[in-house]
Structure formats: structure tokens, C-alpha cells
Amino acid sequence: MSKSLRIIAALAAVGVVGGLAFAFVPVQTTAPVAQLPDDWKPAEGQGKYVMYASDCLACHTADGGEPFAGGRAIASPMGTIWATNITPDPETGIGNWTLDQFRAALYDGIRADGAHLYPAMPYENYRKLTEEDVRALYDYFMHEVPAVQNKVEETKLSFPFNMRFGIRAWNWLALTHDAGFTPADGKTEAEQRGQYLVEGPAHCAACHSPRDMLMAQDGVSVADANFLTGGVVDGWNAPALRGPDSAPQKWDVAEMAAYLATGRNIHSTANGEMGLVVEHSLQHLTDQDNLAIAAFLKGADGAPVEMPENFATLETRALPALDADDAGKETEKMLTEAAPDMALGPRLYLDNCAACHFVSGKGAPEIFPELAANHIVTGSEVSPLISVILNGAEVPSTAKRPMHLVMQGYADRMNDEEVAELSSFLRKAWGNDASAVTAAEVAAVRAKQPH
Ligand code: HEC
Ligand code: HEC
Ligand code: HEC
């Protein structure tokens, strides 16, 4: 054997031994972050409330399936991961799990049998849950959720992702933050409550933080520079929630709380994944908690926080047509004059869209979203805008705003070229400044639709 071959053989042997040691060293789980008295009991409804804030129901329930019985397919860059049955059924659910095993799933992503969970389960964020909330959740799942016998499909990713112990190395590199919650100094009680909800249970960073090279959340705490600076989920921009152009800086606290609680405010509406977050999770929170989240986001980088008594809801019957602001005046004028040589994009807008979104691009408060400075219109990902135009969109009905807002799609009325021209116009109108959209990009979105 030549020397270099021998070295390679030696390295391979070390690798195999190392790999085996790595696979067979017992897993370490994180201890509780606080010792509660043995007879500690959650307040009435606490566990269910933490469940809503954490959105467990959305991932762990299949379409048309029993609550928490699993079977929902979660798309990941590595393949399909099946959410498990977390009802207290002893055979197919988590009925036999101890509190410590349950905590390990939330804090460390470790299953009762010691195997690692894929980070599609957002344990990077649930790691911040207080011990009170962990115990309240456990109590809720063991005593209030009905047991459902349902064996879900086993997750089978291709090599090497099927080696669950490999996630241990990922955890070593990615899961470096301490368990439990550390409030930022010098903040009000409401802002600290908001920080807890955002960083922990509500796992906003799972979508709104960028991902690093390991696909881990790049920023899980407000002290991290990239925390909530914007991510991409399923081809949608989850816009930055920090920085001068971000919604929390442009909207006041009451408007932000209204968006979170009802999926709409005078500026925008929640679509796609965010519509689901509002529908399944945020609309069930108290007004105080939605205001707390809004206050935390506003003050995260030191902006002054004016805390309103209540969140902004407008009388939905009033349809004031707002004037464009300075950046939008020119577009408004051009649309109003409707010169005969008007380009195709603005003409399509005038003919099809202006009745609801108006020549000012301002829409009507809480009903027709503003298209000026709208992050769906200007996002780096263009497929959501194209999809809204082709397929329409809807805002979920929420308890506080039952009206179900629906926009019709234009797939049958416009060809790819027209949708591209219209989109390109929108991305430059009223002071918007984003790149043009091509007919090929429209064709790609159209091809993905069922019809
Ligand atoms: C974003 C989607 C998502 C959310 C939200 C979510 N989970 Fe999960 N969870 C998953 C997926 C996917 C798995 C399976 C991962 C795997 O197989 O490695 C999982 C696995 C688990 C497991 C392991 C069960 C087993 O039998 O292996 C438990 C326990 C669990 N989740 C509890 C919860 C609780 C409690 C909440 C709310 C606090 C929650 N999950 C919220 C996606 C989610
Ligand atoms: C499952 C992924 C996901 C989670 C979790 C999530 N969001 Fe979003 N969010 C999105 C997407 C995608 C959009 C863009 C859709 C839209 O604008 O209608 C969005 C839009 C928003 C917007 C509008 C921003 C703008 O500039 O228009 C706000 C505000 C927001 N989210 C706040 C939050 C907060 C606060 C949390 C946690 C409580 C959260 N989101 C959790 C995916 C998510
Ligand atoms: C009959 C009224 C109506 C017409 C006409 C209309 N829309 Fe809408 N549009 C709505 C409503 C209502 C919503 C809110 C639904 C939602 O966002 O899910 C909406 C949402 C949107 C959004 C998403 C904005 C956000 O913040 O979520 C975009 C982009 C949009 N419309 C563009 C257009 C374009 C371009 C046209 C013309 C081709 C058009 N709309 C025509 C009523 C209308």
C-alpha cells in the first residue's frame, strides 16, 4: 500500500470510529430552567393559550384530520417531513411521554426514544419557553387534548439526511443559545412580554430571520444582528421586521397589533403563511399580548414606543379614497389623466385594479390593501405578487374582523405578457422601486397552478 493510500485508510478508520462514538454517545437533554414546586399547577386555560401562541395545531394537524393527530406534510429543503401525532394516545401519540421527555422535544429536539427531531419542529425557538409554559403545555396535551389513534407516515429522507444522529452535529453548531428566556434590559413589561412571545412560543424568527449556511435561523434573539431581518418561506418573502423600511417602524403600535390580531390594517393584509399564522395563532391571543408584540417590535432597535390603550380598528363601512403621498403623486396624476398613449402596465391597472386599490395606490383602510410601499408588491421574490394577480387572494375571517376579504384572480383575463407588464408597473409605481417582472416568471407561476 502506498503511503498516501495508508493515510487515507487510517483516516477512514478514524472516521468510522469517530462516527460510531458520535452515534452512540448518549444524548444530553437540557434541565428545567426553573424549579417549580411539585404541586405547581397551571392556571385554567394556560396550556391551551401557550399552544395557540406556539401554533402547535397548525403543523400537527393534517387537512381534515383530527386536531394534533399528525400527518401533515412539512416541506423542507431535504424532502418531506411528516408531523407526528402529539395527542396522548399511548401507542401512536405521546401518551407515555414524561414531562422531561416532552421538554427535551421542545428544548433539544430530542424524541422520547433519544432520536433527534428534524428542525422542521421549531425547537430553536421553543427552547426559550419558560418552565411554567412547558409544564402548562404538557398538562394540556396530557389532560385536555383527546387521544387519537393515528399512525402517521414515517419520514424517509434520502441519505445522508435519513441519519438522524447527524442532526446532533447540526445542534452542536446551530443550537448554541441557552434554554429559557432573557428579557432585554431597560424595556417596559409589555415590551419584555412581546419579546418573549416573539422569540419563544410564536417563533417569528423561523420565517422572518434569514437562514445561515447550515439552514439554521440566523438570529434567534433580539441581541442577534440578523434576528428578524427577513427570510424566504416557500417562495414568499417574510419581510424584515427590523430596519427603517420595515412595517414595525412605518406602522404605529396600534396598527401593528390590528394586523396581528385580524390579518389586516389600514396598510396591508396578511396572505399566505402569514394569513395562516393570524388565523391559527395570533387571533387567539389577548389584545394585550398583540399590543405587547407590536410594542416590542417597535422598540427593538431603540425607537420610542407609544403604547396605545387599544388597537386600531376602523369602521369598515367607511371607504375614504385617500390621496397618494408625495412619492405617489406622479403616478396618481398619470393614471388620472389616462392619456391615450398610456403604456400597457398602467392601462391594465386602470381597467382592472383601480376600482378597489384606487389611482393613489392607497386602497381603502382595512378592506383594499395599499399597494404603494407594499412588501408583496416590491419583494425580492416575485411569485407572491404574480400569484395574487393570477389566483387572487383572501384574508381569513377572524373573531374581531369576521369579514372575509376576497380578491378574484385574473388568470383567465390576462396573458403572461400582460401580467408581467402590470407587475412591472406596480413595482415602479407610487415611489416603489423594484425590478421588472418577465413573462417567463409569470409562466412559471401559472404552470404551478392546478388549472
Ligand atoms: C412549524 C411546524 C411545527 C410546529 C409549529 C410544531 N411542531 Fe412539533 N413537530 C413538527 C415536525 C415536522 C415534527 C416531526 C419531526 C421529525 O420527525 O423529526 C414534530 C415533532 C414533535 C414532537 C415529537 C413527537 C414524536 O413522536 O416524535 C413533539 C412532542 C412535538 N413536535 C410537539 C410540539 C408542540 C408541543 C408544539 C407547540 C408548542 C409543536 N410541536 C409545534 C413540526 C412542528
Ligand atoms: C410560517 C412563517 C411565518 C411566521 C411563523 C410568521 N410570519 Fe409574519 N409573515 C410571513 C410571510 C410569508 C409574510 C408575507 C406575507 C404578507 O405580507 O401577506 C409575513 C408578513 C408579516 C408582516 C407584514 C410585513 C410587511 O412588511 O408587510 C408582519 C408585520 C409579520 N409578518 C409579523 C410577524 C410576527 C410578529 C410573527 C410572530 C408572532 C410572524 N410574523 C410569524 C411568514 C411568517
Ligand atoms: C374588487 C376589488 C379588487 C380588485 C378589482 C382588485 N383587488 Fe387586489 N385586493 C383586493 C382585496 C379585498 C385584497 C385583500 C385580500 C388579500 O390580501 O388576501 C386585495 C389584495 C391585493 C394584493 C395583496 C396585498 C397585500 O398587502 O396583501 C395585491 C398585490 C393586489 N390586491 C393587487 C391587485 C391588482 C394588481 C389588481 C388588478 C389586476 C387587483 N388587485 C384588483 C381587492 C381587489
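So the sequence shown is residues 1 to 451, counted in the UniProt record's numbering.
Glycine included, every Cβ here is placed at the ideal spot set by N, Cα and C.
Values in this document were obtained by computation on a predicted structure and should not be read as measured data.
- Under the rule that a run must span 3 or more residues, the beta strand (DSSP E) segments found entirely inside the UniProt domain "Cytochrome c" (340 to 430) read 393 to 395 and 405 to 407.
- At a cut-off of 7 Å, the beta-carbon of Arg111 counts as near ligand 1: some heavy atom of the ligand is closer than that.
- When Cβ pairs closer than 8 Å are counted between the two stretches, the stretch 200 to 207 is seen to touch the stretch 49 to 65, the count reaching three or more.
- Exclusion of the five residues before and after Asn85 leaves His60, Phe68, Ala69, Gly70, Gly71, Thr92, Gly93, Ile94, Val148, Asn150, Lys151 and Val152 as the residues of its chain whose Cβ lies within less than 8 Å of its Cβ.
- A check of alpha carbon separations from Leu344 across Asn415, Gln408 and Ser387 identifies Asn415 as the nearest.
- For Val388, the shortest separation between its Cβ and any heavy atom of ligand 3 lies below 7 Å.
- DSSP links Thr269 through a beta bridge to Arg264.
- For the beta strand (DSSP E) assignment, the uninterrupted runs of no fewer than 3 residues enclosed by the UniProt domain "Cytochrome c" (42 to 145) are, from N- to C-terminal side, 73 to 76 and 79 to 82.
- For Ala43 and Asp100, the gap between their C-alpha atoms comes out near 20 Å.
- Close CB contacts of Gln192 within its chain, under the 6 Å cut and outside five residues either way in sequence, are with Pro183 (chain order).
- Where Trp172 is concerned, the enclosing alpha helix (DSSP H) starts and stops at Gly166 to Ala174.
- One Cα belongs to Tyr107, the other to Pro32, and the distance between them is close to 9 Å.
- Shown here for Val134: same chain residues with a beta carbon closer than 7 Å to its own, the five before and five after excluded, namely Arg103 and Leu106 in chain order.
- Three or more beta-carbon pairs separated by less than 8 Å are not found between the stretch 334 to 341 and the stretch 415 to 424, which leaves the two stretches without contact.
- At the C-beta level, Ser221 and His177 come within 8 Å of one another.
- A distance criterion of 7 Å places the beta-carbon of Cys56 beyond contact range of ligand 2, judged by its closest non-hydrogen atom.
- Secondary-structure assignment with DSSP links Gly231 through a beta bridge to Ala238.
- Going by DSSP, Ala292 is part of the alpha helix (DSSP H) stretching over Asp287 to Gly299.
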